[in-house]
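Chemist:
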Amino acid sequence: MTSENQPQQPERRKQTLALVEELEKERNQVWSLYTQVADLKPYSSEQQIQPLLNKFAQLLIDYISLGEFGIYRRITDGTERRIQVKEAAESMYGEFSCTTDIAVSFNDKYANASSDQIAAGLEHDLSTLGESLAKRVDIEDHICGLILRRKPDPR
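Using our numbering, the first residue of the sequence shown is number 1, and each one after it goes up by one.
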């Protein structure tokens, strides 16, 4: 069957799918860089970690922004018509927003941190961020699953 004979997905559906795919791609990149930064411990003031940390922090903000201003804005701006999706997003937004705040705080703290500041707090802050990101992934997976009408993962 050629693509000409296949039913066309509505444009909005294609945009939603592309948004979710981009979110998942950025999430994977964030976790990859997170692991690279975590693997450098124990952190010391002699390490040249700042370039990798800056790269990680920038990608983290891009990823967080995509979830906050892409996925959630799509739901709250009236584009999403399904009540189940709206209600789930509204009920989870407080926790989702908290994960955003933790990521932004991490970025603010380490964007221009000195080697001594990195050595003193990065291990703890990275652990806190990792726990927060894990919660965020669960929320995103749930919301994106509803948006794309995926069956929930029976964990």
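Beta carbons: idealized from backbone N, C-alpha and C, even for Gly.
1. Do Val-137 and Arg-13 have their CB atoms nearer than 8 angstroms?
2. Between the Cα of Glu-68 and those of Glu-140, Arg-149 and Ile-147, spot the shortest distance and give me the residue it belongs to.
3. Here's the rule: buried if 16 or more other CB atoms are within 10 angstroms of the residue's CB, otherwise exposed. What is Thr-99?
4. Taking Cβ to Cβ, would you say Val-85 is nearer than 8 angstroms to Tyr-63?
5. On the three-state DSSP scale, how would you describe Asn-112?
6. How far does the alpha helix (DSSP H) with Tyr-63 in it extend, from its first residue to its last?
7. Tell me, to the nearest whole angstrom, how far the beta carbon of Asp-243 is from that of Ser-45; I am working on the premise that it is less than 8 angstroms.
8. Using the C-alpha atoms, what's the distance from Ser-132 back to Asp-125?
9. Between the alpha carbons of Cys-144 and Ser-65, how many angstroms are there, rounded?
10. Note the first and the last residue of the continuous alpha helix (DSSP H) segment covering Pro-76.
11. My output table needs one value for Gln-8: the three-state DSSP class, helix, strand or coil.
12. Do Tyr-93 and Tyr-72 come within 8 angstroms of each other at the CB atom, strictly closer than that value?
13. With a 10 Å radius around its C-beta and 16 neighbouring C-beta atoms as the bar for buried, classify Arg-82 as buried or exposed.
14. What do you reckon, are the CB atoms on Leu-122 and Tyr-43 nearer than 8 angstroms?
Modeler: In terms of the structure at hand:
1. Not closer than 8 angstroms, so no.
2. Of Glu-140, Arg-149 and Ile-147, the smallest CA-CA separation from Glu-68 is found for Glu-140.
3. That one is buried.
4. By the CB criterion at 8 angstroms, Val-85 and Tyr-63 fall outside the cutoff.
5. If DSSP states are grouped into helix, strand and coil, Asn-112 belongs with coil.
6. Note, Tyr-63: alpha helix (DSSP H), 50-65.
7. The requested residue 243 does not occur in the structure, where the chain is confined to residues 1 to 155.
8. Distance from the CA atom of Asp-125 to the CA atom of Ser-132, rounded to whole angstroms, is 10 angstroms.
9. Taking the straight line joining both Cα atoms gives about 16 angstroms.
10. The question names Pro, yet the displayed sequence has Thr at residue 76. Counting along the chain, the alpha helix (DSSP H) containing Thr-76 begins and ends at 73-76.
11. Because the pLDDT at Gln-8 is just 48, under 50, the model does not fix this residue reliably, and the value given afterwards should be weighed accordingly. Note: Gln-8 maps to coil in three-state DSSP.
12. Result yes, Cβ atoms of Tyr-72 and Tyr-93 sit closer than 8 angstroms.
13. That one is exposed.
14. Yes, the pair counts as a contact, with Cβ atoms nearer than the cut-off.
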